[in-house]
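Shown next, in structure tokens, is the structure this report addresses.
Residue numbers (UniProt numbering): 1 to 634.
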């Protein structure tokens, strides 16, 4: 089947299209009501279907005779630990842990907060919640006590599940003190905490509240799967909000399972029994969708990796994992490959490893700049597939659907919309724009399965944040264009457009040009105040290890490159070399924060930041270089 045939079928008759895809999963009661509306007028999928996501991911495969197949590979270079867990063994671990949860009062519809490192037990806790119909909310391990408390108050969980610590490069992060402080700070009072003691750090137990995972699960009964409706929530995942208060994205069971099962074959071209590696964390949406649920729904082997792309022990870490476990497809953020490129620009370590099992490299999570695309493709000699999606959708909005028809790639493009996503480029009045014209990227309603139908406990915030700017559309918050061949180019958040003397210019386009310089590992371009032009662009660049170019020479070459590609109108005349850029734990550069610093605005450091000290560092650098607007002008 061609891409065009598949895509048009999904747009012309979405009910028929998704009815057929739903038959690929083992429902307790197959849905007949494929597409309906809830009381808020929002599209809902498979409302009358009855199912259990854990059953689909584990029990079903064991029943089909695949119990001895490896389900999860746990690889932890930071603790020198490796483990393989079969589908049968994972099912038993999940069933008994679900029984432990039930014995402590957790039932269908109750919320469970999971605050865990990247270990197999985090996956077990998620699947066990799904097994008994509870709604899990995974909070990235290591988030501050305040941020954890905010999420506890919003989700109001019955139970919190944690570990004694997380392990980073050369440091151990104690989780238990942060959990104790979060419970103290939260208005919603928790009286049950299940604690996994790791040998790297033993935590103190609070009598009457804390339950030791290892000893308690041995005595726990085995829980059966609880039937839920297709529209019952599977999980809440918090994402940063413009107000500083995180938004709880709610994911339904039914649409989530159908979309992810479909994506494993259509988007990732995976077969049952293949090895899939999403090099992410279960605290992020990528970890939810493509470490835990999608690979197991599809009968694949999934890798849980507790490490980094570099320094665990070196920039060959990814290549080692791919060779050792015969990975068929890897999915990681572009920042991971930029980190590898920075430390090993010639990819010399790659020569030590055999990547013959690998058929594709997928990237998402941020814009894939053409230099990173070209470097990865050239050095690995593997197809590099850029795809674009959001926490809110739970799976790809646009991609090269290599499992259906492998299309020609275009650097800088996420290729074409995925079936179900009716993507359009709109002007400020909500009117569709012609090809090659930049505007706001929006998705015509109804959204396909797996996309959020609300924000936890706050539908008005969902409606105002996503549905009101362009009635009849979901507003993605990203800008870009579709070219004459139907390829989508995501240029960055719509607020990444700056106005230079009346000319609207994309900072994303300038970042592409800067990143193409041989000495530049990573960069960001922001607009800073200018009394004459309103705004002018300024670059912040992180250099590759071993780069010897002087800052003055680099600046001259970058100015020339931007002038050649965009023209003198771009006015990019200054690029500052910085030791690091403030990023989230998932690797996204915090461009909004950089803009707020430049504008001398008050800002809230996002809870997702990797290292809070990087903010003060970059602020001092920007101030010393005159990049912060004077208070009188602010």
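The beta carbon of each residue, even a glycine, is placed where N, CA and C say it ideally should be.
Inter-residue Cα distance where the pair is residue i and residue j
i           : j           : result
residue 154 : residue 591 : 27 Å
residue 100 : residue 112 : 13 Å
residue 511 : residue 594 : 14 Å
residue 125 : residue 204 : 21 Å
residue 477 : residue 438 : 13 Å
residue 386 : residue 333 : 10 Å
residue 243 : residue 84  : The predicted position of residue 243 is uncertain, since its pLDDT is 49 and thus under 50; no value can be drawn from it.
residue 316 : residue 309 : 8 Å
residue 117 : residue 570 : 44 Å
residue 290 : residue 262 : 12 Å
residue 145 : residue 182 : 4 Å
residue 322 : residue 357 : 8 Å
residue 348 : residue 581 : 26 Å
residue 553 : residue 24  : 58 Å
residue 36  : residue 190 : 36 Å
residue 622 : residue 596 : 12 Å
residue 534 : residue 346 : 41 Å
residue 273 : residue 60  : 14 Å
residue 390 : residue 284 : 11 Å
residue 625 : residue 573 : 13 Å
residue 312 : residue 270 : 28 Å
residue 563 : residue 339 : 28 Å
residue 109 : residue 134 : 5 Å
Contact belief for residue i with residue j at Cβ below 8 Å, rounded distance in angstroms
i           : j           : result
residue 470 : residue 412 : Going by Cβ atoms, the distance from residue 470 to residue 412 rounds to 24 Å, so no, they are not a contact pair.
residue 419 : residue 425 : About 19 Å; that fails the 8 Å criterion.
residue 234 : residue 130 : 6 Å
residue 97  : residue 217 : 6 Å
residue 58  : residue 350 : With 8 Å as the limit, residue 58 and residue 350 do not qualify as a contact, their Cβ atoms being about 36 Å apart.
residue 355 : residue 319 : 7 Å
residue 306 : residue 94  : At roughly 20 Å, the Cβ-Cβ gap does not stay under 8 Å, so residue 306 and residue 94 are not in contact.
residue 341 : residue 372 : 7 Å
residue 547 : residue 523 : About 13 Å separates the two Cβ atoms, so there is no contact after all.
residue 201 : residue 164 : 5 Å
residue 254 : residue 51  : 6 Å
Three-state class that DSSP yields for residue i in the structure shown
i           : result
residue 270 : coil
residue 450 : coil
residue 233 : strand
residue 303 : strand
residue 281 : coil
residue 499 : strand
residue 527 : strand
residue 557 : helix
residue 259 : helix
residue 187 : coil
residue 340 : helix
residue 219 : helix
residue 136 : strand
residue 464 : helix
residue 47  : coil
residue 331 : strand
residue 521 : strand
Proximity below 8 Å, CB of residue i to CB of residue j
i           : j           : result
residue 610 : residue 575 : no
residue 436 : residue 484 : yes
residue 26  : residue 48  : no
residue 577 : residue 617 : no
residue 513 : residue 557 : no
residue 365 : residue 250 : no
residue 464 : residue 259 : no
residue 516 : residue 544 : no
residue 474 : residue 455 : no
residue 488 : residue 480 : yes
residue 472 : residue 445 : yes
Where the beta strand (DSSP E) containing residue i begins and where it ends
i           : result
residue 592 : Careful: residue 592 lies outside any beta strand (DSSP E), inside the alpha helix (DSSP H) at 591-598.
residue 360 : 360-363
residue 508 : From DSSP, residue 508 is part of no beta strand (DSSP E) but of the alpha helix (DSSP H) over 507-515.
residue 396 : 396-399
Extent of the continuous alpha helix (DSSP H) to which residue i belongs
i           : result
residue 99  : 87-103
residue 607 : Here residue 607 belongs to no alpha helix (DSSP H), and DSSP marks it neither H nor E.
residue 70  : Run containing residue 70: none in the alpha helix (DSSP H); it sits in the beta strand (DSSP E), 70-76.
residue 18  : 14-22
residue 375 : 370-380
residue 387 : Here residue 387 belongs to no alpha helix (DSSP H), and DSSP marks it neither H nor E.
residue 618 : 613-624
residue 60  : 60-63
Near the ligand PLP: residue i beta-carbon under 7 Å from a heavy atom
i           : result
residue 423 : This structure lacks the ligand PLP; in fact it carries no ligand of any kind.
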